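Residue numbering for the sequence shown follows this note's numbering, beginning at 158 and increasing consecutively.
Note that the Cβ used here is the ideal one computed from N, Cα and C, for glycine as well.
Owing to the predicted nature of the structure, the values given are computational and were not obtained by experimental measurement.
Reading through the structure tokens given below for one structure.
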Amino acid sequence: MAEDKFPGWHGTTIIGVRKGGRVVVAGDGQVSLGQTVIKGTARKVRRLSPGGRDVVAGFAGSTADAFTLLERLEKKLEAAPGQLARACVELAKDWRMDKYLRNLEAMLIVTDGADLYVITGAGDVLEPEHDIAAIGSGGNYALAAARALIDSDLDAETIARKAMAIAAEICVYTNGNLTVESIAK
């Protein structure tokens, strides 16, 4: 988030792990303002069902901005059922080009169980390497932990939970109160 617009606000940690035909998206529950934890039980991972097909999304950044983006994503998915990549690209284009949306401060991880994407306000739709995506304040910690675990015998959910636990131990803006959603191909 832009520190000049939101001084002291710090985000979250969201991770997506794809392994064994499943994708798990996990997010912590902490919202901080400066050195104070405002809320420890925020729910930043959501299941969307546009047109009856499940999509799981996790967000980091401003909650109101993220909800605006999730609503737009749902509309894009309704217009292009079963085409997550197309919906994500259309959302990213709107986000980059629209005068109002351009100011939104959030990032998204989205999956339909087959594909896994990170969507940014810079117009990026990124398919992560190594079947792991992470965003937010503790994202790099969770990403590193999950990359270390991905070749183990652990399943996607266990990897996501362990990675989030490690991030929570390192990042002061991440807690261990998780919301976890799993989706299969």
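Give every residue of the same chain whose Cβ lies closer than 8 angstroms to the Cβ of residue i, excluding the five residues on either side of it in the sequence, and list them in chain order.
i: GLN187; result: THR169, VAL194, LYS196, GLY197, ALA199, TYR330, THR331, ASN332, ASN334
i: ALA244; result: LEU230, LYS233, LEU234, ALA236, ALA237
On the CB-based measure, 16 or more other CB atoms within 10 Å of its CB, does residue i come out buried or exposed?
i: MET321; result: buried
i: ARG204; result: exposed
i: LEU190; result: exposed
i: LYS342; result: exposed
i: GLY294; result: Before going on, a small fix: residue 294 reads as Ser here, not Gly. That one is buried.
i: ALA291; result: buried
i: TYR274; result: buried
Assuming residue i and residue j form a contact by the criterion Cβ under 8 angstroms, report the distance between their Cβ atoms to the nearest whole angstrom.
i: ILE316; j: ALA303; result: 5 angstroms
i: ARG175; j: ASP288; result: 4 angstroms
Could you pull out every residue in the same chain whose Cβ sits closer than 6 angstroms to the Cβ of residue i, ignoring the five residues on either side in sequence?
i: ALA223; result: PHE216, ALA263
Just to confirm my understanding: we take residue i, look at its own chain, exclude 5 residues before and 5 after, and list those with CB closer than 7 angstroms. What are they?
i: GLY178; result: ALA341, LYS342
i: GLN240; result: none
Requested in this report: Take every Cβ of the stretch 260–270, pair it with every Cβ of the stretch 213–232, and state whether three or more of those distances are shorter than 8 angstroms.
Outcome: Three or more beta-carbon pairs separated by less than 8 angstroms link the stretch 260–270 to the stretch 213–232, which places the two stretches in contact.
Query raised in the report: Given 8 angstroms as the limit, is there contact between the stretch 249–261 and the stretch 283–290, that is, 3 or more CB pairs closer than that?
Result: Counting Cβ pairs under 8 angstroms, fewer than three are found: no touch.
Report task. Could I get the ranges of all uninterrupted beta strand (DSSP E) runs contained in the stretch 258–305, with 3 residues as the minimum, in chain order? Result -> The qualifying runs are 263–268, 273–276, 289–293.
Requested in this report: Please go through the stretch 193–248 and give each complete beta strand (DSSP E) segment of 3 or more residues, from N-terminal end onward.
Outcome: Fully enclosed beta strand (DSSP E) runs of 3 or longer: 193–196, 202–205, 212–218.
Query raised in the report: At which residue ranges does the stretch 299–338 contain complete alpha helix (DSSP H) runs of 4 or more residues, listed in the order of the chain?
Result: The stretch 299–338 contains these whole alpha helix (DSSP H) runs: 313–327.
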